[in-house]
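Engineer: Let me give you the structure first, and then I'll get to my questions.
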Amino acid sequence: MSDLILISVKEKYVKEMLFGRKTIELRKSAPKASAGDTLIIYTTQPKKAITAIAIVKQIIKCEPEQMWQKYHEKLGIDKIGFDEYYKNHKKAIGIEMSEVIALNEEILLSAIKLIHPEFTPPQTFKYLNKFTALRDFKHLIT
Numbered sequence: 001m002s003d004l005i006l007i008s009v010k011e012k013y014v015k016e017m018l019f020g021r022k023t024i025e026l027r028k029s030a031p032k033a034s035a036g037d038t039l040i041i042y043t044t045q046p047k048k049a050i051t052a053i054a055i056v057k058q059i060i061k062c063e064p065e066q067m068w069q070k071y072h073e074k075l076g077i078d079k080i081g082f083d084e085y086y087k088n089h090k091k092a093i094g095i096e097m098s099e100v101i102a103l104n105e106e107i108l109l110s111a112i113k114l115i116h117p118e119f120t121p122p123q124t125f126k127y128l129n130k131f132t133a134l135r136d137f138k139h140l141i142t
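Now the structure itself:
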């Protein structure tokens, strides 16, 4: 059974994902994820909403320079931004995604907070229980 993993992503990168130009999301730490898991994509300010979902294809772990050399066309970032992001880091993590799909209706942070007032978007990852998440948010998307 696949897991649900909530990740926060800047709006410009979510757009690149939806256009198919960014198929690898970069991170500094690896999520506990496997091929087939579902990514719930939270778009950060100014949107502040869950806007898309994707399927984890694989988790890539390597040195930053190897990540750039092998996958730069799939990262949706330029070399300057990439180098700045991984400055002083020896390990690069890539979440390769397939089937990135925009939701028909975005789920605004304000709507989520009506159900879970303490909810805060993750800095890196948040793991969700599939059954609880579906039960809690079903009425927001129907």
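So in the UniProt record's numbering, spot 107 of the sequence shown is number 107, and the numbers just go up one at a time.
Where a beta carbon is used, it is the ideal one built from N, C-alpha and C, also for glycine.
Which two residues bound the contiguous alpha helix (DSSP H) that contains G81?
Structural biologist: Unbroken alpha helix (DSSP H) run through G81: K79 to Y85.
Engineer: As a quick exercise: from L103, L109, Q66 and I5, pick the residue whose alpha carbon is nearest that of H89.
Structural biologist: Q66
Engineer: Can you grab the Cα-Cα spacing for the pair R21 / L109, in whole Å?
Structural biologist: Those two C-alpha atoms are separated by around 26 angstroms.
Engineer: Taking just the CA atoms, how far does A33 sit from I5?
Structural biologist: Whole-angstrom Cα-Cα distance: 8 angstroms.
Engineer: So, are the CB atoms of I41 and A52 less than 8 angstroms apart?
Structural biologist: Contact check for I41 against A52 passes: the beta carbons are separated by less than 8 angstroms.
Engineer: Note down, in chain order, each residue of its chain lying with its Cβ closer than 8 angstroms to the Cβ of A54, except the 5 sequence neighbours on either side.
Structural biologist: M17, T38, L39, I41, M97, S98, E99, V100 and I101
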